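Remember, the numbering used here sits 2 above the position in the sequence shown when you count from 1.
Below you'll find the structure, written out as structure tokens, and then a few comments.
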Amino acid sequence: LTNTSDSEDVKNLKITVKDDNGKILPAANGSNTLYVKKIAKGDTVTCEINLGSAPDIEAKSHTLSVAFNYEGGSTLTMYDAVETLSLPISQKIRLKIDDPIIYADSAMIEQPVGMYFTLYNMGKSSIYNCMVDVEGDGLRMEETYYGGNIGSGSAMQADFAVIPSVAGDIQGKIVITYEDVYGEQIREEKPFSLY
3 LTNTSDSEDV KNLKITVKDD NGKILPAANG SNTLYVKKIA KGDTVTCEIN LGSAPDIEAK
63 SHTLSVAFNY EGGSTLTMYD AVETLSLPIS QKIRLKIDDP IIYADSAMIE QPVGMYFTLY
123 NMGKSSIYNC MVDVEGDGLR MEETYYGGNI GSGSAMQADF AVIPSVAGDI QGKIVITYED
183 VYGEQIREEK PFSLY
């Protein structure tokens, strides 16, 4: 906090941080109110407040209101101001991915073989733009698999075809990429073997 006045100190500053939705609260044994006795003209003071979020809070940017009540150092005139802060909240993404099932006991070179797996979103946040691909020597997908967005508590069943181009035991992996609410891309892998 900076007192930008060239002529007057700020005294008895009271700062109240509030979330109108009641989802962001002071951390254990904390308070949403801070007090600063004095900020001299042109000086800066750093304040810290610990906050916690409700376990079911939506992963997005939340708005906090910050109310200031203070008096001028020489005039003792009372002042009030309200500012807003944007606080990004993230929820931990928890996925469970079943082992992939291959429809055939063996595959033929350059012939598609069907596979599927189920992905469960067990976290409290949606995942976005879910894509499935395969990696491994001599493996490619018949076509791109796009799973879209998967909400909290939902599942995606990915059913697709893989084409091998070499003979023998092939060790591959299914690669699942998706984005969190802020657009950061995350990658998950699930190994499989194909003969």
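Think of the CB as a built atom: it goes at the ideal place given N, C-alpha and C, for glycine as much as any other residue.
Values in this document were obtained by computation on a predicted structure and should not be read as measured data.
- Rounded to the nearest angstrom, the gap between the Cα atoms of D161 and Y118 is 4 Å.
- Each residue's CA atom was taken as its position, placing I176 and A109 some 17 Å apart.
- Residue pairing by DSSP places G116 opposite A163 in a beta bridge.
- Excluding its 5 nearest sequence neighbours in each direction, K126 has C-beta neighbours in its own chain below 6 Å: Q93 and S154, listed in chain order.
- Cβ-Cβ distances below 8 Å link E145 to F162 and A163 in the same chain, with the five nearest sequence neighbours on each side left out; the list follows chain order.
- Here C49 carries a coil assignment [DSSP, helix/strand/coil].
- For N151, the uninterrupted beta strand (DSSP E) segment begins and ends at Y147 to I152.
- For M124, no beta strand (DSSP E) encloses it, and the DSSP letter there is neither H nor E.
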